[in-house]
Amino acid sequence: DTAVSQTPKYLVTQMGNDKSIKCEQNLGHDTMYWYKQDSKKFLKIMFSYNNKELIINETVPNRFSPKSPDKAHLNLHINSLELGDSAVYFCASSQGTSGNEQFFGPGTRLTVL
Amino acid sequence: GEDVEQSLFLSVREGDSSVINCTYTDSSSTYLYWYKQEPGAGLQLLTYIFSNMDMKQDQRLTVLLNKKDKHLSLRIADTQTGDSAIYFCAESFPGGYNKLIFGAGTRLAVHP
Numbered sequence: 018d019t020a021v022s023q024t025p026k027y028l029v030t031q032m033g034n035d036k037s038i039k040c041e042q043n044l045g046h047d048t049m050y051w052y053k054q055d056s057k058k059f060l061k062i063m064f065s066y067n068n069k070e071l072i073i074n075e076t077v078p079n080r081f082s083p084k085s086p087d088k089a090h091l092n093l094h095i096n097s098l099e100l101g102d103s104a105v106y107f108c109a110s111s112q113g114t115s116g117n118e119q120f121f122g123p124g125t126r127l128t129v130l
Numbered sequence: 795g796e797d798v799e800q801s802l803f804l805s806v807r808e809g810d811s812s813v814i815n816c817t818y819t820d821s822s823s824t825y826l827y828w829y830k831q832e833p834g835a836g837l838q839l840l841t842y843i844f845s846n847m848d849m850k851q852d853q854r855l856t857v858l859l860n861k862k863d864k865h866l867s868l869r870i871a872d873t874q875t876g877d878s879a880i881y882f883c884a885e886s887f888p889g890g891y892n893k894l895i896f897g898a899g900t901r902l903a904v905h906p
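Chains as they are written, first to last, in the working numbering: chain L, 18 to 130; chain C, 795 to 906.
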């Protein structure tokens with residue numbers, strides 16, 4: 018009965034590879050988010066989708082491409098991985114976009130070698 | 795601009811109260827939040843306060859908001875070892891599509 022789930026939990030890959038992280042929520046929410054947490058634990062929003070439409074797109078390299086096939090899923094594809102992409106990536110979801118509680122997934126730790 | 799600051803570390807004795815502080819720069823914040831992150835886990839919302847409130851209490855947690863000084867605090871009464879975690883302050887804005895701006899997190903260590 019996991020609310021927000023992410024796969025994989027750990028991802029280790031070589032520089033230059035392309036990888037995807039998947040996120041699913043079973044809360045019936047209409048809004049989903051991707052956050053990046055760096056090695057110093059600093060958290061920053063990357064993207065947000067509301068009803069499958071992109072509503073937040075922070076200054077993120079275009080190697081990062083989110084895809085929302087339906088309201089319950091928001092996947093993150095990363096092309097040409099770089100060392101600096103190593104981080105923990107958190108997916109979150111909320112109902113609506115007005116101060117509503119965001120529920121976070123357990124995170125995906127990406128290590129680029 | 796959007797900026798949230800927190801002190802990085804706090805160490806308290808079990809049973810004492812913990813006070814974690816946060817300052818923010820944007821006075822247009824609508825909601826201010828406290829999230830908890832345990833090692834290797836995601837973030838869990840502890841409590842939040844609407845920007846027109848001064849205080850909110852929820853069991854062992856008390857949130858104080860000083861809008862004039864743009865200062866937010868979280869007090870944990872009777873701190874337990876299970877409270878050891880990183881605590882993040884965050885804010886959201888009107889028309890911001892629920893975008894959360896996080897502080898750097900305060901690592902709370904509770905010792906016997």
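Just so you know, even glycine gets a beta-carbon here, dropped at the ideal spot from N, CA and C.
Every value quoted in this text rests on a predicted model; they were computed, and no experiment measured them.
Counted within 10 angstroms of its Cβ, other Cβ atoms place residue i as buried (16 or more) or exposed
i	result
L:Tyr-27	exposed
L:His-46	buried
L:Thr-48	buried
L:Phe-64	buried
C:Asp-797	exposed
C:Gly-836	buried
L:Ser-56	exposed
Distance CB(residue i)-CB(residue j) smaller than 9 Å
i	j	result
L:Phe-121	L:Tyr-52	yes
C:Thr-873	C:Val-806	yes
C:Lys-864	C:Ser-801	no
L:Val-77	L:Glu-99	no
L:Asp-102	L:Leu-71	no
C:Leu-804	C:Ile-814	yes
L:Thr-114	C:Tyr-829	no
L:Pro-123	L:Val-21	yes
C:Ser-845	C:Lys-862	no
6 Å CB neighbourhood of residue i in its chain, flanking five on each side removed
i	result
L:Gly-116	none
L:Glu-75	Ile-62, Met-63
C:Gly-834	none
Same chain, Cβ closer than 7 Å to residue i, neighbours up to 5 away in sequence not counted
i	result
C:Met-847	Leu-859
Exercise for review: Decide if the region 103–118 of chain L is in contact with the region 37–52 of chain L; the criterion is three or more beta carbon pairs, one per stretch, under 8 Å apart.
Suggested key: yes
Check your understanding: Relative to chain L, which residues along the region 819–831 of chain C have a C-beta separation below 9 Å, given in chain order?
Key -> Thr-824, Tyr-825, Tyr-827, Tyr-829, Gln-831
Check your understanding: Does the count of Cβ pairs from the region 876–886 of chain C and the region 899–906 of chain C closer than 8 Å reach three?
Key -> yes
Review point. In chain order, what residues of the region 83–98 of chain L put their CB closer than 7 Å to some CB of chain C?
Key: none
Exercise for review: Please list the residues of the region 97–114 of chain L that have a C-beta atom closer than 7 Å to any C-beta atom in chain C, keeping them in chain order.
Suggested key: Phe-107, Ser-111, Thr-114
Point to revise | Selection of the region 117–128 of chain L by Cβ proximity to chain C, strictly under 7 Å | key: Asn-117, Glu-118, Gln-119, Phe-121, Gly-122, Pro-123, Gly-124
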